[in-house]
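Structure first, commentary second.
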Amino acid sequence: MKHQIPLTPMVVAEYCQISKSTALKWIRDGKLQAFRLPSGHYRIDKEDFRDFLERWDIPIKEELFGSESEKKGGKK
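Quick note: the sequence shown uses our numbering, first residue 15, plus one each step.
The following block contains the structure:
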């Protein structure tokens, strides 16, 4: 399994065209799954973000999820 670089709340905010504080609120409210680094900053796994987008019917831009899309299509 190839290691994926997690997303920052700012990347999520830009993608969804919202403020960073709204992205952080989604995380704190449990709507968007994230983990904390030792520094206290949040990170979001791409697969968790994709699941969030699907759950809330937010359009998915495949360029952000290229390798995950191939996995879901059965390619390894």
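Where is the CB? At the ideal position from N, CA and C, for every residue including glycine. Computed from a prediction, not measured in an experiment: that's the story for all the values here.
Next on the checklist: My output table needs one value for residue 41: the three-state DSSP class, helix, strand or coil.
Outcome noted: helix
Checklist entry - Cα separation between residue 44 and residue 77? => result 26 Å
Next on the checklist: For residue 19 and residue 59, what's the separation of their Cα atoms in angstroms?
Outcome noted: 7 Å
Checklist entry - How close, in whole Å, do the beta carbons of residue 41 and residue 56 come, if the pair is a contact with beta carbons under 8 Å? => result 6 Å
Next on the checklist: For a test of the three-state rule: what should DSSP assign to residue 21, helix, strand or coil?
Outcome noted: Residue 21 falls in the strand class under three-state DSSP.
Item to check | Residue from 28, 46, 29 whose Cα sits closest to the Cα of residue 66 | outcome: 46
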